[in-house]
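Asks: What follows is a structure written as structure tokens; I'll ask about it next.
In full-length UniProt numbering, the protein residues as written are 1 to 130.
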């Protein structure tokens, strides 16, 4: 599944999959899209990892930049990218494992952010004289 052309299918894709596929189709990096939208890189990563969702104004801006409809980003219906030709039909077990991997990756990202916040708090406490 490392092939960018097989990144999503209309049947199995999540919101994050569609954002990533549309971004890649426009030749944009996560960093470039974040800059164009005026958000932080971790915000784009959160959207693509299905940890967070954008507000309506950002969704509207993003759909215009990525040349897809908001409806397609949200539901895979409407103006968007075509599913890859010759799409592989995945068994229920494979779909389940992919879903569990996606959830684990999102949880890992959430925990890494939490760990970063804890480190900042600890650093402030250690630098602050009592």
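The C-beta atom is built at its ideal place from N, Cα and C for all residues, glycine as well.
(1) Excluding sequence positions up to five away, which residues of its chain have a Cβ less than 7 Å from the Cβ of residue 71?
(2) Please list, in chain order, all residues of the same chain as residue 50 whose beta carbon is under 7 Å from its beta carbon, the five residues on each side excluded.
(3) Out of curiosity, what's the CA-to-CA distance linking residue 23 and residue 46?
(4) With a threshold of 6 Å on Cβ separation, who are the neighbours of residue 31 within its own chain once the five nearest residues in sequence on each side are excluded?
(5) CB residue 37 to CB residue 18, shorter than 9 Å?
(6) The ligand ADP and residue 56: does the residue's C-beta get closer than 8 Å to at least one heavy atom of that ligand?
Replies: Reading it off the structure:
(1) 77, 78
(2) 14, 15, 16, 102, 106
(3) 14 Å
(4) 41
(5) no
(6) The ligand content of the structure shown is nil, which means the ligand ADP is not present either.
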